[in-house]
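The structure under discussion appears below in the form of structure tokens.
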């Protein structure tokens, strides 16, 4: 059945809560309201207030309490109302959760999922548009995922809930209602840590994830149609751990790599990807690895400003042509 | 549910005497263990930060004694006694402090950051106060699953300035969670005196703002600590919701072994040293008719042996292998393994 990205997440929550009574949901406005975006709609009616908990505005508490419950066998799904607010829980994520197993001699587990609606392009401005994934992709002990399709959104959330490690799950707000897909009914998971080739091509590879995947696929079609450039598109899906083999395979196949992400350029995961390729596939390259990302500024509000700083389909097409001509 | 009061001491004379002596053993073991740790630190056999709880032993002893198996504890960085009273093997604790393979964290972290979940002890991070939300989460689990357990969150008055402490107490109050907040107010956050930390005399008054009760208690008086804790833990266990106790106390040593604590007033230190929890409890034992000289002799020997065995065990334990720094980062999971298999299969296909 064709469902939206948002519905896919909602279904995953329903199904996992039905499957395992230790799964519960906690966050701001997740129960009565069904979440600011309606992602948790229907959960309160189905599972009651003990398993669908409206919290005060207290992100550190949400994550910290999730860790405490998870240590004792629960599987909390913790919502940051906007991914931007995850900064308020930073210490609990990178210090308490990420090191839990490490400092308990390998004898503790921390099966929490932190859902973070992220991303720009919805007039959210400075504090409702951020893509904070790079704050977490360098923290061992965490897993960081950013699904881009309804199928992955559902399968990866189920996998994240069943994983015994803390998983930060970035869901792109712009995709909630704009992306639809046939998603099989019945139980399935998508393994964490495995990238997926979304479009096969021979001339040039785009490596991307999350919100910019769909723009990259559109751009690839335009470049093929208008310029005859055959573009491969690799969807990373998981940002920690990175699927290094898939990244290197994409580089070796075409010799030209464009990394695209909506997170800022400097310190973004694109730099790490370029370094991996430079270190391990240098001899296959026909051009320097190029990066297209949000400009190094804040998520400006006014439409001309936002348009100027974010990647989009036209900018990706231009970057593809540029790299192809190198 | 009617509140069942548990008597402070077993009613039976013989059992009571045994319990009194056990408390004495613990409070003496903690003091002696920490003195040995300070000594080993000066010899460079224990590296890094060492945070003595000397002077505050009555609190950890009196709070832990009435707890049960399955209860959850988040000690603060000075609460070495929590580990000893909860029955963590002294040798493994000493090995933890020395960074040995046999320590609680297998050499990954120092001092008390390695927890022992089999004894219900969460290893706190160095971000003081961050363990309170975690403890509240444990209490949330107890409430959701109708477990007859209590979570105990230790923190200093220093940590109480953190926002995490407010978030944790507020949530615990809203949901009436089975959690006991234990504030060890030793009057200093490292060098910063209480007057610069808060504008009220008693931190306990904050409980009112969260919808539960706050108590002030003499933290160096083991009997007072024990009596109040037992009463409140019992109430919490019976569904009464959170409680906060502020124990007034003082640390005899610096913030850490590196700290000579010259910022403190020497008269104040002398006043508090005269309220040392150990002689105070010895006075009680004497009044109860124990032959103190004999009891001391026996406990001295037992403590000395326990600590020597712990030191021997730790010193003879190996250090971890260097590559172990990369282990225990992730729990194995079916998902990760499947991903690795898939990647391996793809690699094999070239």
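Residue numbers (this note's numbering), protein chains in the order written: chain A, 12 to 337; chain B, 80 to 429. Glycine included, every Cβ here is placed at the ideal spot set by N, Cα and C. All figures in this text were calculated on a predicted structure; none of them were measured in a lab.
query, result
"Among B:150, B:178, B:151, nearest to residue 403 of chain B - alpha-carbon criterion", "B:178"
"Exposure of residue 303 of chain A, with buried meaning 16 or more beta-carbon neighbours within 10 Å", "buried"
"Residues from the region 189 to 216 of chain A in contact with chain B, defined by Cβ distance under 8 Å", "200, 202, 203, 204, 205"
"Test: residue 61 of chain A CB closer than 8 Å to a CB of chain B", "yes"
"Limits of the alpha helix (DSSP H) - the one that residue 22 of chain A falls within", "16 to 30"
"Between the CA atoms of residue 194 of chain B and residue 184 of chain B - distance to the nearest angstrom", "7 Å"
"Residues in the region 76 to 105 of chain A having any Cβ partner in chain B nearer than 9 Å", "76, 77, 78, 79, 80, 81, 82, 83, 84, 85, 87, 99, 102, 103"
"Whole-angstrom distance between residue 383 of chain B and residue 165 of chain B, CA atom to CA atom", "19 Å"
"For residue 254 of chain A, the first and last residue of its enclosing beta strand (DSSP E)", "Counting along the chain, residue 254 of chain A falls outside any beta strand (DSSP E), and DSSP gives it neither H nor E."
"Per-residue contacts from residue 166 of chain B into chain A (C-beta, under 7 Å)", "The premise fails here: residue 166 of chain B is roughly 16 Å from chain A at the closest Cβ pair, so nothing lies under 7 Å."
"Distance between beta carbons of residue 249 of chain A and residue 203 of chain A, contact taken as under 8 Å", "5 Å"
"Any chain B beta carbon closer than 8 Å to residue 113 of chain A", "yes"
"Residue 177 of chain A classed as buried or exposed, judged by whether at least 16 other C-beta atoms fall within 10 angstroms", "buried"
"Pairwise C-alpha distance: residue 258 of chain B and residue 320 of chain B", "7 Å"
"Exposed unless 16 or more other CB atoms sit within 10 angstroms - verdict on residue 207 of chain A", "buried"
"Sequence-distant residues of the same chain with beta carbon closer than 7 Å to residue 429 of chain B, five excluded per side", "Since pLDDT at residue 429 of chain B reaches only 35, below the 50 mark, its modelled position is unreliable, and no value is offered."
"Residues near residue 342 of chain B by beta carbon distance below 7 Å, same chain, minus five either side", "270"
"Segment contact, 8 Å Cβ cut-off, at least three pairs: the region 241 to 259 of chain B with the region 209 to 229 of chain B", "yes"
"Residue environment, residue 81 of chain B, which counts as buried when at least 16 other CB atoms sit within 10 Å", "Low confidence applies to residue 81 of chain B: its pLDDT is 35, below 50, so where it sits in the model is not reliable, and the reading given next is rough at best. It is exposed - the Cβ of residue 81 of chain B has fewer than 16 other Cβ atoms within 10 Å."
"Reference residue 334 of chain A, options A:220, A:76, A:324, A:215, closest by Cα", "A:215"
"Which of helix, strand or coil DSSP assigns to residue 322 of chain A", "coil"
"Strand pairing of residue 154 of chain A, partner residues [DSSP]", "A:178"
"Within the region 131 to 200 of chain B, ranges of the alpha helix (DSSP H) (whole runs, at least 4 residues)", "136 to 143, 159 to 164, 169 to 176"
"Exposure label - residue 427 of chain B; buried when at least 16 CB within 10 Å", "A caution first: residue 427 of chain B carries a pLDDT of 46, below 50, which makes its placement in the model unreliable, though a value can still be read off. Exposed, since its Cβ has fewer than 16 Cβ neighbours within 10 Å."
"Among B:230, B:357, B:101, nearest to residue 381 of chain B - alpha-carbon criterion", "B:101"
"Residues within the region 44 to 75 of chain A neighbouring chain B, beta-carbon criterion of under 7 Å", "61, 66, 67, 69, 71, 72, 75"
"The beta strand (DSSP E) enclosing residue 87 of chain A, as first and last residue numbers", "86 to 90"
"Cβ neighbour criterion (16 or more within 10 Å) applied to residue 288 of chain B", "exposed"
"Contact residues within the region 278 to 290 of chain A, judged by C-beta distance below 8 Å to chain B", "none"
"Boundaries of the beta strand (DSSP E) in which residue 293 of chain B is found, first to last residue", "292 to 297"
"Close Cβ partners of residue 103 of chain A (< 6 Å) along its chain, the five nearest in sequence each way excluded", "71, 74, 75"
"Residue(s) in a DSSP beta bridge with residue 193 of chain A", "A:13"
"Where residue 216 of chain A falls: helix, strand or coil (DSSP)", "strand"
"Option in A:144, A:285, A:59 with minimal Cα separation from residue 183 of chain A", "A:144"
"Interface positions of the region 117 to 132 of chain A facing chain B (Cβ-Cβ less than 7 Å), listed along the chain", "117, 118, 119, 120"
"Contacts of residue 408 of chain B in chain A (Cβ-Cβ under 8 Å)", "112, 113, 151, 152"
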